[in-house]
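According to the numbering used here, the sequence shown is numbered sequentially starting from 562.
A short worksheet on the structure shown next.
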Amino acid sequence: TWVSQVDDMILRFIPEGTFQMGEDADRSYVQCQLLLEPFYTSNCSWNWFTDEEPVHTVMLEAFWMDQTEVTNAMYARCVTAGVCSPPHDMRSYSRSSYYGNTSFADYPVINVDWIQAVAYCEWAGRQIPTEAQWEYAARGGLAEALYPWGNSFDSHLANFCDVNCP
């Protein structure tokens, strides 16, 4: 790991490597049916998954990636430095006061657009990860797995609301 002197972000070293990027629409459609349809009235559509095809080989050089999302406190440093503009909305979906509220300083910053995210990254001396970098890092070294932890879905390991949600 490495800690940024600009915003105190912890970064993880991701070694170079080759992986299979993308997903087979048929396999994704089956997973959607298993996970979504028993709990919701809407049905999955095979067309939702075709933009992930074809599965193809991608080779990446080593890179550094933020360990977590940028927090409200980190983003506020960039705003204070005069480089970033404040989020478009200071509220969250469930809170009337979110950004700028010290109770949520360590929560992820939200309501910023791509231009604001790029400005933050430039200020911090980093870049937005490419889709390939993100997917490679998220796989955690499991080349062919459906999920970062393997091939069996576990709602406790994901931000997912199923029949077990309150």
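Note that the Cβ used here is the ideal one computed from N, Cα and C, for glycine as well.
These numbers come from a predicted model, not from an experiment.
- Runs of the alpha helix (DSSP H) lying entirely within the region 641-695 and spanning at least 4 residues, in chain order: 675-685.
- Here F610 carries a helix assignment [DSSP, helix/strand/coil].
- Annotation for L621: the continuous beta strand (DSSP E) segment containing it runs 617-621.
- Non-local beta-carbon contacts of I571 in its own chain, meaning distances under 6 Å to residues more than five positions away in sequence, involve T562, V564, Q628 in chain order.
- Between the region 608-620 and the region 584-592, the count of Cβ pairs shorter than 8 Å is three or higher; the stretches touch.
- The beta carbons of M626 and A698 sit closer together than 8 Å.
- In this structure, the straight-line span from the alpha carbon of S713 to that of L703 is close to 13 Å.
- Comparing C-alpha distances from I676 to each of Y668, I575, F721, Q688 shows the shortest one belongs to Q688.
- In the assembly as shown, A685 is a buried residue. Its beta-carbon has 16 or more other beta-carbons within 10 Å.
- When secondary structure is reduced to three states using DSSP, Y708 falls in the strand class.
- Taking the C-beta atoms as reference points, A666 is found no nearer than 8 Å to T641.
- Of the candidates P576, E577, P647, D674, P647 places its Cα closest to the Cα of G661.
- Between the alpha carbons of E696 and A623 lies a gap of roughly 14 Å.
- Assigned with DSSP and collapsed to three states, M635 falls in helix.
- When DSSP states are grouped into helix, strand and coil, Q581 belongs to the strand group.
- Between the beta-carbon of R700 and that of P709 there is about 6 Å, and that keeps the pair under the 8 Å contact cut.
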